[in-house]
Amino acid sequence: MQSFRTEIENPVVEKDIIELANKIELFNTGKIDEEKFRSLRLARGVYGQRQEGVQMIRIKLPYGKVMSNQLRRISEVSDEYSRGRLHITTRQDIQIHHVDLNRTPELWAELERDDVTLREACGNVVRNVTASETAGIDVNEPFDVSPYADALFKFFLRNPICQEMGRKFKVSFSATDEDTGLSYLHDLGFIAKIENGIRGFKVMAAGGLGSQPRHAEILYDFLPSDKIIPVMEGVLRVFDRYGERKSRAKARMKFLLKDIGLEAFRKLIEEEQKAIEFKSVAIDAASYVASTPVSVEAPKVEIKNEAAFNLWKSTNLIPQKQSGYVAIGIKVLLGDFYTDKARLLADLVDKYAAGEIRLTLRQNIVIPFVKEELIPLFYQELEKLNFVEAGYNKAVDITACPGTDTCNLGIASSTGISVELERVIKAEYPQYLKNEDLIIKISGCMNACGQHNMANIGFQGMTVRTPDKLVAPALQVLLGGGNLGNGNGIFADKVVKVPSKRGPEALRRVLNDFEANANGKPFVEYYKEKGEKYFYDFLSDLQDVSNLTQEDFIDWGEEEKYVKEIGIGECAGVVIDLIATLFLESDEKIANAKEAYDNKVYSGAIYYAYQSMVNSAKASLLAENKKTNTHASIISQFDELFVASGKIALGSSFADIIYQIKAYAPQQDFAKNYINAAQQFLTNVREYRASQVAVNI
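For the sequence shown, the working numbering assigns the number 1 to the initial residue and increments by one for each residue that follows.
1. Classify G30 as helix, strand or coil using the three-state DSSP reduction.
2. Straight-line CA distance for Y379 to V388?
3. What is the DSSP secondary structure of I634, counted as helix, strand or coil?
4. Is DSSP giving K434 helix, strand or coil here?
5. For the pair the stretch 104-113 and the stretch 132-143, tell me if three or more CB-CB distances fall below 8 Å.
6. L344: which of R362, L385, W312 and T176 sits nearest, CA to CA?
7. Sort G503, G324 and G355 by Cα distance to S413 and report the nearest one.
8. Is it right to say P473 is buried, meaning 16 or more other beta carbons lie within 10 angstroms of its own, or is it exposed?
9. When DSSP labels each residue in this structure, what does D144 get in the three-state scheme?
10. Apart from the five residues on each side of it in sequence, which residues of its chain come closer than 6 Å, Cβ to Cβ, to E178?
11. Please return the same chain residues whose Cβ sits closer than 8 Å to the Cβ of F538, not counting the five positions on each side in sequence.
12. Whose C-alpha, out of Y602, F169 and K202, is nearest the C-alpha of Y220?
13. Can G391 and L433 be called in contact, C-beta distance under 8 Å?
14. Identify, in the order they occur along the chain, each residue of the same chain with its Cβ nearer than 7 Å to the Cβ of G234, setting aside the five sequence neighbours on each side.
15. Is any heavy atom of the ligand GDP found at a distance shorter than 7 Å from the C-beta of K351?
16. Can you name, in chain order, every residue of its own chain whose Cβ lies under 7 Å from the Cβ of S603, other than the five neighbours on each side?
17. Could you give the distance in angstroms between the alpha-carbon of E436 and the alpha-carbon of N364?
18. Would the stretch 605-613 and the stretch 205-224 be scored as touching if the rule is three or more Cβ pairs under 8 Å?
19. What residues in its chain sit with their C-beta under 7 Å from that of K170, if we drop five residues either side in the sequence?
20. Determine which residues share a DSSP beta bridge with V126 and list them.
21. May I have the straight-line CA-CA distance separating K441 from Y659, to the nearest angstrom?
22. Going by beta carbon distance, what residues of the same chain come within less than 6 Å of T628, once the five residues before and after it are set aside?
23. Give the secondary structure of F387 by DSSP, where H, G and I count as helix, E and B as strand, and everything else as coil.
24. Taking the alpha helix (DSSP H) that A427 belongs to, which residues open and close that run?
25. Please specify which runs of the beta strand (DSSP E), each continuous and at least 3 residues long, are wholly inside the stretch 299-324, giving them in chain order.
26. Cutting at 7 Å between CB atoms, please list the residues of its own chain near S211, excluding the five before and the five after it.
27. Counting pairs of beta carbons, one from the stretch 68-82 and one from the stretch 336-353, are three or more of them closer than 8 Å?
28. What residue ranges within the stretch 626-693 form continuous beta strand (DSSP E) runs of no fewer than 3 residues, ordered along the chain?
29. In terms of residue numbering, what span does the beta strand (DSSP E) encompassing M204 cover?
30. Identify whether Q380 lies in helix, strand or coil by the three-state DSSP scheme.
31. At which residue ranges does the stretch 189-277 contain complete alpha helix (DSSP H) runs of 4 or more residues, listed in the order of the chain?
32. Applying the 10 Å Cβ sphere with the 16-neighbour rule, what's the burial state of S174?
33. Got a sec, what are the start and stop residues for the beta strand (DSSP E) Y288 sits in?
34. In angstroms, rounded to a whole number, what distance separates the CA positions of N10 and N592?
35. Please go through the stretch 501-572 and give each complete alpha helix (DSSP H) segment of 4 or more residues, from N-terminal end onward.
36. May I ask you to report which of helix, strand or coil DSSP gives N486?
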């Protein structure tokens, strides 16, 4: 094994990093296969990218809050291990690209010096917990959701119940009924509410984007804040057990809820509560350490261009509920900026604000706690960084995923078309510089990392084929989506598909018609009134691919002729169906269970034992070429095929043994017995497997 060692004080984190280093060595020496290794590295934030031989590293930044020391640390790491570029995602993470796999453990160790993690930034886990970027400063918020997002993030990080789910799981917190956390498109979305003096949340469940967007349903109109962690644990247990695992396209929670219905889903959550250790988790919001603004006198500043300064103030300042302070919104083109700017920004907020920045869902930056008298100083300093472009969160502020720049799944360039569309709006529609009602988003493929299908105007990367079978980059034009607030939203309609080079013309036609016929209505209302066919009629001629020029075969931002190249997506990890590997994993999980038991973490011990039994049963079924789509189906099939037939004697049904996890509280005696049951079960199925192999030799 690799003799990698860290200087991390936290032994749990150190163990995590050393394990990654050891697994990399096993992978490099051919002792574990690529599929097995992929699932492990994804859960540690190490993600394959389009370019061969390098990795994208996703840095997990809960609710987008980044302290100045953390920003400096991320910058150092990016300079040392990458190329000095930082990319803000639509989930308030930072990504760095072109990292050597073998250096990822030491990279992670460097980040942890300032309490920055990669753990569970990718893979089939609870992803980054996102929140309104104005949490804690919003003039309309009933309370600051940051302590609740923080507590939930910490509770489920490394939690055994959510390490190997069928797909990823996304959670958001919205500070107000404006729902700027976009609850309606998350697996769980929390909207802050107060009822009868009690803090709590409206809870939305099973929303999602992708190729089949689904609006979340109301799980609870009001849930007291001490119940959000127990309820989420119940939801995760249900999703883990009943969620699809074989078909990646159907493995999100939105498909499970669609199949079984909301009431059945609620009932399953309630049944799980017996086995959940903490029935109530009171979150001490008062002890949450909020950033403290500095006290400093305003230096004298001379503004050279008063018109530009006033325009910037009109579009980039955010009111704060704290008297005498504002927040500053920084428009970050494509979410990309470099470490030299990051360091200077860290110095600026340290000296003149509260030592923190917030990353936003629209790939921007917010600086909270800026004294009103320091606004000219901040403008002057941010201007040096080219960070004073007007139009923060306005129509000109287009969201786009990395697309074909680095993503394996990218079909067409989302970044290239985004730059061009912003240029068109600024040059031809300057009035939209202050329009915050119109939202434009772009994704390079159907997976919707750019959230295109919830935008007023969305574009999705695709391809078109000419009559003589030539392939050109294209854009699906989507219209009419929008966030209506309080957990309500509309997904956009797919109207036409046009060659990418005609994207700007499609935008011009839509904006021209909006200008002429909306009569002051918001875009969502205007679109609903006109209807999909209306827009199809005046855009349909742009679909004609019989008259493409050579330029149409070159994507935005590119110089070479377009070639469609799609790799293997890694967003959800890959299911490993190797029998021997599954048995070895069962051994590992029993070892984990015993370690958790020795540490008196009985809930974790029980869940590791449960995972071991499911793995062992799955291995047995795969040996018989049976489907293993869900944990629940694995359990029922094992009973039918092996127990009822008398092939394997357990003394009872497998369901009776394994489903004790739902019936008993996580106490010491039950944990001990359950681990023993898992160990015995593994012994039984291994012996049966060995006998069958011997017969077939």
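Just so you know, even glycine gets a beta-carbon here, dropped at the ideal spot from N, CA and C.
Taking the structure as given:
1. Numbered from its first residue, the sequence shown carries residue 30 at position 30. Correct three-state label for G30: coil.
2. Here residue 379 is taken as the residue at index 379 of the sequence shown, counted from 1. Here residue 388 is taken as the residue at index 388 of the sequence shown, counted from 1. For Y379 and V388, the distance between alpha carbons rounds to 7 Å.
3. As a working mapping, residue 634 is identified with position 634 in the sequence shown. The answer is helix: DSSP assigns I634 an H, G or I state.
4. Along the sequence shown, read from residue 1 onward, the residue named residue 434 stands at position 434. Looking at K434 - three-state DSSP - the assignment turns out to be helix.
5. no
6. In the sequence shown, residue 344 corresponds to position 344, counting from 1. Of R362, L385, W312 and T176, the residue nearest in Cα terms is L385.
7. Your numbering for residue 413 matches position 413 in the sequence shown. Closest by alpha carbon: G503.
8. Start at 1 with the first residue of the sequence shown, and residue 473 comes out as number 473. Counting Cβ neighbours within 10 Å, P473 comes out buried, since at least 16 surround it.
9. Residue 144 sits at position 144 when you count from the first residue of the sequence shown. Coil, per DSSP.
10. Counting from 1 along the sequence shown, the entry for residue 178 is found at position 178. G485, listed in sequence order.
11. The count along the sequence shown starts at 1 and reaches residue 538 at position 538. Contacts found: R509 and D513.
12. Against the sequence shown, residue 220 aligns to sequence position 220. Among Y602, F169 and K202, the Cα nearest to that of Y220 belongs to K202.
13. The count along the sequence shown starts at 1 and reaches residue 391 at position 391. The count along the sequence shown starts at 1 and reaches residue 433 at position 433. Yes, they are a contact pair.
14. On the sequence shown, residue 234 is found 234 positions in, with the first residue counted as 1. Closer than 7 Å at Cβ, skipping near neighbours: I269, E272, Q273 and I276.
15. Ligands in the displayed structure: none, and consequently the ligand GDP is not present.
16. As a working mapping, residue 603 is identified with position 603 in the sequence shown. Here the set comprises E277 and P666.
17. As a working note, residue 436 is residue 436 in the sequence shown. As a working note, residue 364 is residue 364 in the sequence shown. Going from the Cα of E436 to the Cα of N364 covers about 15 Å.
18. no
19. Indexing the sequence shown from 1 puts residue 170 at position 170. R127, H186 and D187.
20. Residue 126 sits at position 126 when you count from the first residue of the sequence shown. Looking at the DSSP assignment, V126 forms a beta bridge with F169.
21. If you number the sequence shown from 1, residue 441 lands on position 441. If you number the sequence shown from 1, residue 659 lands on position 659. Cα-Cα distance, rounded: 45 Å.
22. Here residue 628 is taken as the residue at index 628 of the sequence shown, counted from 1. Only K618, L621 and I634 meet the Cβ criterion.
23. Position 387 of the sequence shown, counted from the start, is the residue given in the question as residue 387. In the structure shown, F387 sits in coil (DSSP, three-state: anything other than H, G, I, E or B).
24. Residue numbering aside, residue 427 sits at position 427 when the sequence shown is read from its first letter. Start and end: S414 to E428.
25. 317-319
26. Counting from one through the sequence shown, the residue named residue 211 turns up at place 211. Cβ neighbours of S211 beyond the five flanking positions: M446.
27. yes
28. none
29. In the sequence shown, counting from the first residue as 1, residue 204 sits at position 204. Counting along the chain, the beta strand (DSSP E) containing M204 begins and ends at I198 to A205.
30. Counting from 1 along the sequence shown, the entry for residue 380 is found at position 380. Looking at Q380 - three-state DSSP - the assignment turns out to be helix.
31. 228-242, 253-260 and 262-272
32. Residue numbering aside, residue 174 sits at position 174 when the sequence shown is read from its first letter. Label assigned to S174: buried.
33. The sequence position of residue 288 within the sequence shown is 288, counting from 1. That residue, Y288, is in no beta strand (DSSP E); it is neither H nor E in DSSP.
34. The residue given as residue 10 occupies position 10 in the sequence shown. The residue given as residue 592 occupies position 592 in the sequence shown. Near 18 Å, if we compare the C-alpha coordinates of N592 and N10.
35. 503-517, 523-530 and 532-539
36. Sequence index remark: in the sequence shown, residue 486 carries index 486 (1-based). The answer is coil: DSSP assigns N486 none of H, G, I, E or B.
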